[in-house]
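To start, the structure itself, in C-alpha cells.
Residue numbers (my numbering): 216 to 335.
Next up, the structure:
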C-alpha cells in the first residue's frame with residue numbers, strides 16, 4: 216500500500232458500565248485538534264462500522280478531496296470490526312487499544328502505531 220490519503224484512529228476502551236466500546240475518527244494530529252470521533256459498543260459488524268464512518272464530520276475526506284482518490288472504506292470497516300471483535304472477546308484484561316495513525320488509502324488501510332494497555 217502506498218501513502219494513505221487519510222490518517223484515522225481506531226481504538227477500543229473498556230467502560231465499567233458499557234463494557235468494550237470501539238471508537239473511530241480522524242487520526243494523527245487531527246484527533247487532538249478536531250476531536251472528530253464516533254463511539255459504538257463492541258462488537259460491531261462491518262456494516263455498523265460503515266455507519267460509524269458516515270457519522271464523522273470529516274467523512275468527505277474519505278471520499279477523496281483535492282484530487283485524492285477515495286480511501287478503501289471496506290478495508291477500514293474490516294479493521295474497525297476486527298478491533299471491536301478482539302476487544303469484545305478479550306475479557307477484562309484488555310483495558311485500552313489505540314491504533315493511531317491508521318493510514319487509509321485507495322489500496323487499503325494499515326496501522327502505523329499501536330498502544331495496548333492491560334489491567335496487569
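For every residue, glycine included, the Cβ atom is placed at its ideal position computed from N, Cα and C. From a predicted model like this one, the values you see are computed outputs, not experimental measurements.
CA nearest to the CA of residue i, picked from the options
i           : options            : result
residue 250 : 229, 239, 312, 289 : 239
Expected contact under 8 Å - CB spacing of residue i and residue j to nearest Å
i           : j           : result
residue 285 : residue 277 : 7 Å
Residue burial classification, residue i (beta-carbon count within 10 angstroms, cutoff 16)
i           : result
residue 248 : exposed
residue 264 : buried
residue 319 : buried
residue 330 : exposed
residue 232 : exposed
residue 322 : exposed
residue 224 : buried
residue 281 : exposed
Residue i Cβ short of 6 Å to the ligand MN heavy atom set
i           : result
residue 296 : This structure lacks the ligand MN; in fact it carries no ligand of any kind.
According to DSSP, residues forming a beta bridge with residue i
i           : result
residue 329 : 314
residue 221 : 319
Between the CA atoms of residue j and residue i - distance to the nearest angstrom
i           : j           : result
residue 268 : residue 335 : 33 Å
residue 266 : residue 283 : 22 Å
residue 244 : residue 315 : 9 Å
residue 221 : residue 294 : 15 Å
residue 312 : residue 324 : 17 Å
residue 326 : residue 260 : 19 Å
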